[in-house]
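J.: The structure is given below, and queries will be raised subsequently.
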Amino acid sequence: MKWMLQYSQELFQEYSDYRVDEFRERSIHPELLQKKLDDFVQQSAGLLRIRSAGRSFENRDIRLISTGNGEISVILWSQMHGDESTATMAICDIINYLFKTINKNITRQILSSLRLLFLPLLNPDGAARNQRRTAQGIDMNRDALALVTPEAQILKQLQNEFKPQFGFNLHDQELSTVGPKKEIAAIGLLSPSINHDKSDNDVRIRSKFIASAFTVTMNQFIQGKVTKYDDSFEPRAFGDNMQKWGTSTLLVESGHVPNDPEKDFIRKLNFLGILSTLFAIASSKYKTFDLSIYDQLPFNGKRAYDVIIRNIVIEHAGTKTTPADLGISYQVDTHSELPPKLVDIGDLHSFVGLREIDGKGKSIPESLLSINQPFEWERYF
Ligand SMILES: [Zn+2]
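Just so we're on the same page, this note's numbering is the position in the sequence shown counted from 1, plus 147.
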């Protein structure tokens, strides 16, 4: 395993050389991505191939970038949910890395063993609105069978055309904790189920191997902050169906760390986690990982808020008071949005805030606190 740890450490050190600096904010516009992809292809001296994979409901181009000429095909798709751009940016960092390091042995090995198929930004209409769903109002990750969205048709068609052995299904997740712990989940992983019994077959076991490889890489940088995503079978989702169609699929969910609103660090983790796992696949060493590393990951828990203000006093009419903590959320689907909302009042000692504020000695009148309503907390604390 030393080979992979060494590689991911190297990637960690060198990341800033390959990070695409034009992407600074999570809400990247589809046009900026297209421009960057064109730049890459021009600079890559033939290493990258690009083609239109089809068009979105509102006629935006969805493009497939491919490279490598190996026997094993790997498809990587991101941003089926329009507000989940972290991995789209990481894919661009990875593409940038691959053609800039073509003289490195590991890059050569990856590109001679694998055929990489990148589909960054599958839902450009949703991205243009910074919303989860497509322009038709559909969650395209529940459209793998009905295929009423052109975006889902594109992904299904590419699976059918290339029959990739491996797939990376790249998302951002809701603010979550590591099981019931007061620890925020940085990365969530899942080998999707193929039926309600969650049974294994060869395809799923292969994806569990790469989930273990990915976890080992992550543990060097975020030990104890990797979780397992809900593994209930979802008959309409792409991950689950990709596995059924023969593509060993790993769901990677970008989570959160404190003081990282644009998720730069999580993007970096995607970069080195994906590249290290591709190396594990290219070298066939992925089969040497212990499956229990993935199997024993704790599930995501729901004991986190964006902001927790602790130890305040609520003033009621008359002289009565209540000691309490306040939980505040900015979450809309999987992105943050103003205004903040007050989502919890009471004992939050077993919860964790992305940001924690000590309100000791401070009080607030009851009239300002309405649950699930906007709450301009910064005016009072
Ligand atoms: Zn998602």
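All C-beta atoms, glycine included, are put in the ideal place defined by N, C-alpha and C.
Here the structure is a predicted model, which means the values were calculated and not measured.
Per the DSSP calculation, L516 is bridged to which residue(s)?
T.: Its beta-bridge partners do not exist; DSSP assigns none.
J.: Residues bridged to G493 by DSSP?
T.: For G493, which the question treats as bridged, DSSP gives the partners D472.
J.: Which runs of the beta strand (DSSP E) spanning at least 3 residues fall entirely within the region 433-473, listed in chain order?
T.: Taking only runs of at least 3 residues, the beta strand (DSSP E) segments lying wholly in the region 433-473 are 451-462.
J.: Which value, in whole angstroms, describes the spacing of the CA atoms of T364 and V325?
T.: Roughly 18 Å between the two C-alpha positions.
J.: Among the residues of its own chain, which have a CB less than 8 Å from the CB of L438, if the five just before and after it don't count?
T.: Within the same chain, L438 has close Cβ partners I352, K355, F356, S359.
J.: Please work out which residues of its chain come closer than 7 Å, Cβ to Cβ, to T362, disregarding the five sequence neighbours upstream and downstream, and give them in chain order.
T.: The answer, listed in chain order, is L336, V373, I440, Y441, L444.
J.: Whose CA, out of K507, T468, W524, lies closest to the CA of P531?
T.: Because residue 531 is not part of the residues shown, which for the chain are 148 to 528, the question remains open.
J.: Any contact of the region 410-418 with the region 222-238, i.e. 3+ C-beta pairs under 8 Å?
T.: At 8 Å Cβ cutoff, the stretches touch.
J.: Please classify Q370: is it buried, with 16 or more other beta-carbons within 10 angstroms of its beta-carbon, or exposed?
T.: With fewer than 16 Cβ atoms within 10 Å of its Cβ, Q370 is classed as exposed.
J.: Output needed for L299: all residues of its chain with C-beta closer than 7 Å, excluding positions within five of it in sequence on either side, in chain order.
T.: This sequence places Ala at residue 299; Leu is not what is there. The residues are M287, D290, A291.
J.: Kindly provide the ranges of any beta strand (DSSP E) runs that are 3 or more residues long and lie completely inside the region 337-402, ordered along the chain.
T.: Entirely contained in the region 337-402, the beta strand (DSSP E) runs reaching 3 residues are, in chain order, 373-375, 395-401.
J.: Apart from the five residues on each side of it in sequence, which residues of its chain come closer than 6 Å, Cβ to Cβ, to S174?
T.: Cβ neighbours of S174 beyond the five flanking positions: N277.
J.: Can you give me the start and stop residues for the beta strand (DSSP E) that F313 sits inside?
T.: 313-319 is the span of the beta strand (DSSP E), which, as asked, contains F313.
J.: Cβ atoms of S338 and L398: under 9 Å apart, would you say?
T.: The answer is yes: Cβ separation under 9 Å.
J.: Are F418 and Y165 closer than 9 Å when you measure CB to CB?
T.: A contact, by the Cβ cut-off of 9 Å.
J.: Determine the extent of the alpha helix (DSSP H) in which I428 is found, giving its start and end residues.
T.: Start and end: 411-429.
J.: To which residues does DSSP link K488 through a beta bridge?
T.: K488 is bridged to S476, P521.
J.: When you get a sec, list the residues whose CB is within less than 5 Å of any heavy atom of ligand 1, chain order please.
T.: Qualifying residues, in the order they occur: H228, E231, H318.
J.: Look at H318 and G273 and say whether their C-beta atoms are less than 9 Å apart.
T.: Against a cut-off of 9 Å, the Cβ pair of G273 and H318 comes out as no contact.
J.: Go through its chain and collect everything with a Cβ distance to N206's Cβ below 8 Å, but skip five positions before and after it.
T.: None.
J.: Considering only the alpha carbon of each residue, which of C239, A200, M151, V221 lies closest to D186?
T.: Nearest of C239, A200, M151, V221 to D186, Cα basis: C239.
J.: Our contact map puts P311 next to T248 with C-beta atoms below 8 Å; I'd like the distance itself, whole angstroms only.
T.: Between T248 and P311 the Cβ distance is about 23 Å, and since that is not below 8 Å, they are no contact.
J.: Can you tell which of A237, P521, T435, E218 has its C-alpha closest to the C-alpha of M148?
T.: Comparing Cα positions, the closest option is T435.
J.: Using only CA atoms, which one of L268, G284, L158 lies nearest to H176?
T.: When each option's Cα is compared against that of H176, the closest is L268.
J.: Below 8 Å, how does it come out for the region 419-430 and the region 465-474: are there three or more Cβ pairs, yes or no?
T.: Not touching, per the Cβ criterion.
J.: Using the C-alpha atoms, what's the distance from R450 back to F528?
T.: If you take the alpha carbons of F528 and R450, they lie about 22 Å apart.
J.: Going by other Cβ atoms of all chains shown within 10 Å of its Cβ, with 16 needed for buried, is Q306 buried or exposed?
T.: Burial call: buried.
J.: What does a CB cutoff of less than 6 Å around L495 pick up in its chain, not counting 5 residues either side in sequence?
T.: I455, D472, G474.
J.: Residues in the same chain with beta-carbon distance under 6 Å from S213, minus the five sequence neighbours each way, listed in chain order, please.
T.: Hits under 6 Å: R196, L264.
J.: Answer yes or no: do S225 and L266 have a C-beta to C-beta separation smaller than 9 Å?
T.: Closer than 9 Å, so yes.
J.: Alpha carbon to alpha carbon, how far is Q520 from S220?
T.: Cα-Cα distance, rounded: 48 Å.
J.: Does the CB of N458 have a neighbour CB from chain C at under 9 Å?
T.: Checking the listed chains, one finds no chain C in this structure; it contains a single protein chain.
J.: Hey, how far is the Cα of R210 from the Cα of Q190?
T.: Those two C-alpha atoms are separated by around 17 Å.
J.: So which of I285, E462, R502 has the shortest CA-CA distance to L515?
T.: The option with the nearest alpha carbon to L515 is E462.
J.: If Q256 and S430 are in contact, beta carbons under 8 Å, what's the gap, nearest whole angstrom?
T.: With 8 Å as the limit, Q256 and S430 qualify as a contact, their Cβ atoms being about 7 Å apart.
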